[in-house]
Amino acid sequence: GRFGIYGGRFVSETLMPLILELEDQYERAKTDQSFWDEMDWLWKHYVGRPSPLYYAERLSDHLGGAKVYFKRDELNHTGAHKINNVLGQIILAKRMGKTRIIAETGAGQHGVATATVCAKFGLKCVVYMGAHDVERQQPNVFRMRLLGAEVVPVTSGRGTLKDAMNDALRDWVTNVRDTFYCIGTVAGPHPYPAMVRDFQSIIGKETKEQILEQEGRLPDTIIAAIGGGSNAMGLFYPFLDDKDVRIIGVEAGGKGVNEKMEHCASLTGGRPGVLHGNRTYLLQDDDGQILEGFSISAGLDYPGIGPEHAWLHDTGRAEYVAITDKEALEAFQLSCALEGIIPALEPSHALAHVMKIAPDLPKDHIIVMNMCGRGDKDIFAVAKHLGVE
Ligand SMILES: Cc1ncc(COP(=O)(O)O)c(/C=N/[C@H](C(=O)O)[C@@H](O)C(C)C)c1O
Numbered sequence: 189g190r191f192g193i194y195g196g197r198f199v200s201e202t203l204m205p206l207i208l209e210l211e212d213q214y215e216r217a218k219t220d221q222s223f224w225d226e227m228d229w230l231w232k233h234y235v236g237r238p239s240p241l242y243y244a245e246r247l248s249d250h251l252g253g254a255k256v257y258f259k260r261d262e263l264n265h266t267g268a269h270k271i272n273n274v275l276g277q278i279i280l281a282k283r284m285g286k287t288r289i290i291a292e293t294g295a296g297q298h299g300v301a302t303a304t305v306c307a308k309f310g311l312k313c314v315v316y317m318g319a320h321d322v323e324r325q326q327p328n329v330f331r332m333r334l335l336g337a338e339v340v341p342v343t344s345g346r347g348t349l350k351d352a353m354n355d356a357l358r359d360w361v362t363n364v365r366d367t368f369y370c371i372g373t374v375a376g377p378h379p380y381p382a383m384v385r386d387f388q389s390i391i392g393k394e395t396k397e398q399i400l401e402q403e404g405r406l407p408d409t410i411i412a413a414i415g416g417g418s419n420a421m422g423l424f425y426p427f428l429d430d431k432d433v434r435i436i437g438v439e440a441g442g443k444g445v446n447e448k449m450e451h452c453a454s455l456t457g458g459r460p461g462v463l464h465g466n467r468t469y470l471l472q473d474d475d476g477q478i479l480e481g482f483s484i485s486a487g488l489d490y491p492g493i494g495p496e497h498a499w500l501h502d503t504g505r506a507e508y509v510a511i512t513d514k515e516a517l518e519a520f521q522l523s524c525a526l527e528g529i530i531p532a533l534e535p536s537h538a539l540a541h542v543m544k545i546a547p548d549l550p551k552d553h554i555i556v557m558n559m560c561g562r563g564d565k566d567i568f569a570v571a572k573h574l575g576v577e
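Count the sequence shown with our numbering and you get residues 189 to 577, in order.
Spelled out as structure tokens, the structure:
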């Protein structure tokens, strides 16, 4: 469960039996064809996979350089990539006889995906969400409740995602018998980061098939936004051994990566530490206190990053850059204007970096960007930022 010195399993003793049972279930499921048959059926008939690989022609012409493709995971059921992972974890939870699912959420997409799959399988669902995020992602809070989930606003700490994850872990320790913790990103104690990556890898597997079909070769650059890093790991993982494919992760630069730490660029502006059960890069002060971080996008507003990204960063296999709120808002508007696609603020960060690099790249350079979520949840927040009602 290690990626170099990153990853591992830093949990309280009371959780160990459950973590070991989960690891055993996952190891067995990995080679169990009936598990993947059930996943494939649900991905096709319930999620609507494969998601299209779409050539954004008008955007590419406007940028005047590389050919830009969007991997359209915003077209999945519930409007983001989160459901890819939730399906896998809940099938495992059912196999473990669990009847109550808990989850943390920030942007609410993971919460909505968890509530959705619980409604489909008739499982009880409790979602922990920072009070601040409850405010800025109201549409998703209402959707979760419509789907039958209990949404618990978290006011401990500063009432953000970090506190929601801590409260979810506390719930889990108290209810290990009937409860399964469905983690929304490639964080948490082993096996979560590897398991979430494996479920999200459907994104990269489809992309590889689709780009070979449409262009007859692999992309030159693949790029994705990073909160905890699950949509990025899902796109990147099937390409790690294709050394000619340049890999770029885009973190939330907030108001700018500076000493005021008003960002969530854990790799660019953080250092190694332990949080939520794994060792990775974290935003922390000199005493090791985890900082809140800042981003216009709730989905990237996480002061840590998946341990596998920390390793890809240190080994140089992937590059990691930071995009500010302002740059993300510009990309958000460009996607609407040129492609008729309202992106979530999260993938808007990846698009902002595409806008930076595409113009200077040759016309036959192929970029694939993960359009990991749609912007319905963000339109009121964006309207406020743009001063238009
Ligand atoms: C549309 C969309 N795009 C990207 C992300 C970033 O999460 P990763 O893909 O795991 O880096 C997110 C993250 N959403 C989480 C959530 O909905 O709970 C997030 O807020 C937390 C798990 C960090 C998202 O909603």
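Ideal Cβ positions, reconstructed from N, Cα and C, are used throughout, including at glycine. Only a predicted model underlies this, so the values are computations on that prediction, with no experimental measurement involved.
Open item on the list: Give me, in chain order, the residues of the same chain whose beta-carbon lies closer than 6 Å to that of F368; leave out the 5 immediate sequence neighbours on both sides.
Closed with: A281, K286 and I289
TODO: Can you check DSSP and say which residues form a bridge with Q472?
DONE: I478
Task: Y257, DSSP secondary structure in three states - done: strand
Open item on the list: Three or more C-beta pairs under 8 Å: does that hold for the segment 487-504 against the segment 445-458?
Closed with: yes
TODO: Note down the Cα distance separating L241 from V438, rounded to an integer number of angstroms.
DONE: 20 Å
Task: Contact the segment 510-518 vs the segment 438-452: 3+ CB pairs below 8 Å - done: yes
TODO: Determine the burial state of N558: buried for a count of at least 16 other Cβ atoms within 10 Å of its Cβ, exposed for fewer.
DONE: buried
Open item on the list: For I567 and K270, what's the separation of their Cα atoms in angstroms?
Closed with: 20 Å
Task: Candidates I371, K396 and E394: closest to V384 by CA position - done: I371
Task: Three-state secondary structure assigned by DSSP to T147 - done: Any question about residue 147 goes unanswered here, given that the chain covers just 189 to 577.
Open item on the list: Using DSSP's beta-bridge definition, name the partner residues of P379.
Closed with: Paired residue(s): none; P379 is not in a bridge.
TODO: Consider the C-beta atom of A413 and the heavy atoms of ligand 1; say whether any pair is separated by less than 7 Å.
DONE: yes
Open item on the list: Could you tell me the alpha carbon to alpha carbon distance between H573 and E447, rounded to whole angstroms?
Closed with: 24 Å
Task: Cβ contact check for the segment 496-505 and the segment 225-232: 3 or more pairs under 8 Å - done: no
TODO: With DSSP as the reference, label P407 as helix, strand or coil.
DONE: coil
Open item on the list: Less than 7 Å separating the Cβ of T293 from some heavy atom of ligand 1?
Closed with: yes
Open item on the list: Using a Cβ-based criterion (distance less than 7 Å to any ligand heavy atom), does N446 qualify as near ligand 1?
Closed with: no
- [ ] Could you tell me if A182 is buried or exposed, where buried requires 16 or more neighbouring beta carbons within 10 angstroms of its beta carbon?
- [x] Residue 182 lies beyond the stretch modelled for the chain, which goes from 189 to 577, so this question has no answer here.
- [ ] May I ask you to check if the CB of L488 is nearer than 7 Å to at least one heavy atom of ligand 1?
- [x] yes
- [ ] Quickly, what does DSSP pair G318 with across the bridge? List them, please.
- [x] V342
Open item on the list: Considering Cα atoms alone, identify which of R260, T202, P205 and G253 is closest to E527.
Closed with: R260
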